[in-house]
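Novice: Just so we're aligned: the sequence shown equals residues 66 to 463 in our numbering.
Don't be surprised by glycine CBs; every beta carbon is placed ideally from N, CA and C.
Before I ask anything, let me first share the structure, which is written out below as structure tokens.
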Amino acid sequence: MRLFIFYLLLPSICFSQSSIDAEQFFDLGRSQFEQTEKPELEPLYFPWINQYELRTESRDFDLASQEYTFRLSPSTGKIRKAQKAYYEQMKNAPDFEGQENYCDLLLSLHVDWLALFILQEQKNVKDELVAILDDQQTIYERMVGTLEFDPQKLIKLQTDRSDSKIGINKLVLKQAALLNKYNLQNQDIDFVGFATIESISKNLERATLYSINPVELMDLKTEHKKQLLLKEIELESAEKKQLIDFAQIKYTGPHSDALQERLSVGLGFQISNAGSDKLKMQKLQLEKEELNRKSEWDVQEKKEKLNMLEYGLRQDIQAYFDFQGIREEERGQLQNLGEKIAQKEGVSPLFLLEIAERNLSMKDKSLNKKEDLFKSYLKYLQQSGDMCQSDFINYLKV
């Protein structure tokens, strides 16, 4: 007997669909992100000697009496340090494109997870609506030939039922397309712990406890350009302060007089006063000030946009709660009225079905408002940069 029961249950065990929850969904989506590895650059050595120079000169075209001069153009410790800092700043530039792609991926995952949840909720509503319309249609068909029969009402029920089924098919197709995008065709989705409007409202309340940090709002590209410019200014400044231009050893060549065969050592000094050098430094300083002004303006503009987004989101949340309050009040009144009518004999159940249909209509409107709110919330998270934190956070979780 036990074996017989096992064989009956075996097909359902073998072919049952597995389910996937939010954590698995986001892990799967993030695993598809391929970040390009930055090429490893060989270490760059900045020498103490910038240039080696050998000069030769003859006297009266006598090749046997050549003069030789060996000249070195040195660097300094400050120049080498500034060169290394400038190179490191260029080499360690963040992967801006990769970061943008990753942020876009995280937003897309949140939007798709939200879409799957809303599609499932809308499908549930329409399934219930079709069941109610079926009951209404059955009752009206039984009323054919009676004084209470309204053919126009029956036709409307049939068209509403067809429209609802068409709507269900569209929802199923959209849902299938999203599941196919992540190769989840044969898996059910578990939405346990999905965020509520109350939870995102609390998240916003917690966010207001901390003032917006201007550093976090800075554009990374602008900040990198600013740091690169500062390193270039330091390098130019170090080069201008270099005093020793060259060091040389000179051999005057063979002579009949041995005393004239000699070596000489020389040093060349420089004090930079070139207008081109001053112009370059001034240009770099102007670029630095321009970047500072742009950075401050961008931070201020971004802060204002975030404040506007947050204000609009709070207004929409309050409007949603107001709508829910009116909806609950109406549902309670209709429920009380339905209970009173149900106690009376000879009353058509159509009225109770119409109450249920109205409740589903309000639930559908509530879902649409909830979807719009969640989309605005995700947009706010993207604009604030919270979406792109190094530690992943599922913002559609309670």
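(1) For P159, name the three-state secondary structure that DSSP assigns.
(2) Straight-line CA distance for P279 to N338?
(3) Apart from the five residues on each side of it in sequence, which residues of its chain come closer than 8 Å, Cβ to Cβ, to C168?
(4) Taking Cβ to Cβ, would you say L417 is nearer than 9 Å to G403?
(5) For H289, collect the residues of the same chain with a Cβ closer than 7 Å to its Cβ; drop the 5 residues on either side in sequence, then sort them by chain order.
(6) Could you give the residue range of the beta strand (DSSP E) that holds I314?
(7) Under a Cβ-count criterion, where at least 16 other Cβ atoms within 10 Å of its own Cβ denotes burial, should Y117 be classed as buried or exposed?
(8) Taking C-alpha atoms, which residue in L461, K149, A87, F135 lies nearest to K296?
(9) My output table needs one value for T121: the three-state DSSP class, helix, strand or coil.
(10) How would you label V364, buried or exposed, when you count the other beta carbons within 10 angstroms and need 16 or more for buried?
(11) In whole angstroms, what separates the C-alpha of D310 from that of N166?
(12) Going by beta carbon distance, what residues of the same chain come within less than 6 Å of F299, once the five residues before and after it are set aside?
(13) On a CA-only basis, which of F386, K156, K221 is nearest L106? Give me that one, please.
(14) Considering only C-alpha positions, which residue in the set F439, S431, S455, E213 is nearest to V190?
(15) How would you write the range of the beta strand (DSSP E) that Q252 sits in, first residue to last?
(16) What number of angstroms, rounded off, separates the C-alpha of K359 from the C-alpha of K305?
(17) Go ahead and label F386 buried or exposed: buried means 16 or more other beta carbons lie within 10 angstroms of its beta carbon, across all protein chains shown.
(18) Nearest to M91 by alpha carbon, out of K286, I391, L244, K368?
(19) I want to know whether the segment 229-239 touches the segment 192-204 - three or more CB-CB distances under 8 Å.
(20) Going straight from the alpha carbon of Y275 to that of E263, what length do you get?
(21) What does DSSP give as the partner residues of K462 in its beta bridges?
(22) Hey, which unbroken runs of the beta strand (DSSP E) at 3 residues or more fall wholly within the segment 327-385?
(23) Pick helix, strand or coil for Y151, following the three-state DSSP scheme.
(24) Applying the criterion that 16 or more other CB atoms from any shown protein chain within 10 Å of the CB defines a buried residue, is W178 buried or exposed?
(25) In its own chain, which residues sit with a C-beta less than 7 Å from the C-beta of L74, not counting the 5 before and 5 after it?
(26) With DSSP as the reference, label Y133 as helix, strand or coil.
Specialist: On the basis of the coordinates in this document:
(1) Here the question's residue 159 lines up with position 94 in the sequence shown. Collapsing the DSSP output to three states places P159 in coil.
(2) The residue given as residue 279 occupies position 214 in the sequence shown. The residue given as residue 338 occupies position 273 in the sequence shown. For P279, the pLDDT reaches just 48, beneath the cut-off of 50, and the residue's location in the model is therefore unreliable, leaving the point undetermined.
(3) The residue labelled residue 168 in the question sits at position 103 within the sequence shown. Q447, M452, C453, listed in sequence order.
(4) Counting from 1 along the sequence shown, the entry for residue 417 is found at position 352. Counting from 1 along the sequence shown, the entry for residue 403 is found at position 338. Contact: yes.
(5) Mapped onto the sequence shown, residue 289 falls at position 224. Taken in chain order, the residues that qualify are A158, P159.
(6) Here the question's residue 314 lines up with position 249 in the sequence shown. 309-316 is the extent of the beta strand (DSSP E) around I314.
(7) The residue you call residue 117 lines up with position 52 of the sequence shown. Label assigned to Y117: exposed.
(8) Sequence index remark: in the sequence shown, residue 296 carries index 231 (1-based). The candidate whose alpha carbon is nearest that of K296 is K149.
(9) In the sequence shown, residue 121 corresponds to position 56, counting from 1. In this structure, T121 counts as strand in the three-state DSSP scheme.
(10) The residue labelled residue 364 in the question sits at position 299 within the sequence shown. Looking at its Cβ environment, which holds 16 or more other Cβ atoms inside 10 Å, V364 is buried.
(11) As a working mapping, residue 310 is identified with position 245 in the sequence shown. As a working mapping, residue 166 is identified with position 101 in the sequence shown. Those two C-alpha atoms are separated by around 49 Å.
(12) Residue mapping note: residue 299 aligns to position 234 of the sequence shown, counting from 1. Here residue 299 is Glu; the residue named in the question, Phe, does not match the sequence. So the list reads A147, once near-sequence residues are dropped.
(13) As a position in the sequence shown, residue 106 is number 41, starting the count at 1. The shortest Cα separation from L106 among F386, K156, K221 belongs to K156.
(14) Taking the sequence shown and counting its residues from 1, the one referred to as residue 190 is at position 125. Nearest C-alpha to V190: S431.
(15) Position 187 of the sequence shown, counted from the first residue, corresponds to residue 252. Residues 252-254.
(16) What you label residue 359 is simply residue 294 of the sequence shown in a count that begins at 1. What you label residue 305 is simply residue 240 of the sequence shown in a count that begins at 1. The alpha-carbon of K359 is positioned some 29 Å away from that of K305.
(17) Walking along the sequence shown from the start, residue 386 turns up at place 321. Classification of F386: exposed, given that the 10 Å Cβ count is below 16.
(18) For this step, residue 91 is matched to residue 26 along the sequence shown. Contrary to the premise, residue 91 reads as Phe rather than Met in this sequence. The residue with the shortest Cα to Cα distance from F91 is L244.
(19) yes
(20) Residue 275 sits at position 210 when you count from the first residue of the sequence shown. Residue 263 sits at position 198 when you count from the first residue of the sequence shown. Note that Y275 scores a pLDDT of 47, beneath 50, so its modelled location is shaky; the value from the coordinates is reported in the next line. Taking the straight line from one Cα to the other gives about 20 Å.
(21) Locating residue 462 in the sequence shown gives position 397, where the first residue counts as 1. BP columns for K462 point to F259.
(22) 328-334
(23) Position 86 of the sequence shown, counted from the first residue, corresponds to residue 151. Correct three-state label for Y151: helix.
(24) Here residue 178 is taken as the residue at index 113 of the sequence shown, counted from 1. By the 10 Å Cβ count, W178 comes out buried.
(25) The residue you call residue 74 lines up with position 9 of the sequence shown. In this predicted model, L74 has a pLDDT of only 39, less than 50, meaning its place in the structure is not dependable enough to derive any value.
(26) Position 68 of the sequence shown holds residue 133. Note: Y133 maps to strand in three-state DSSP.
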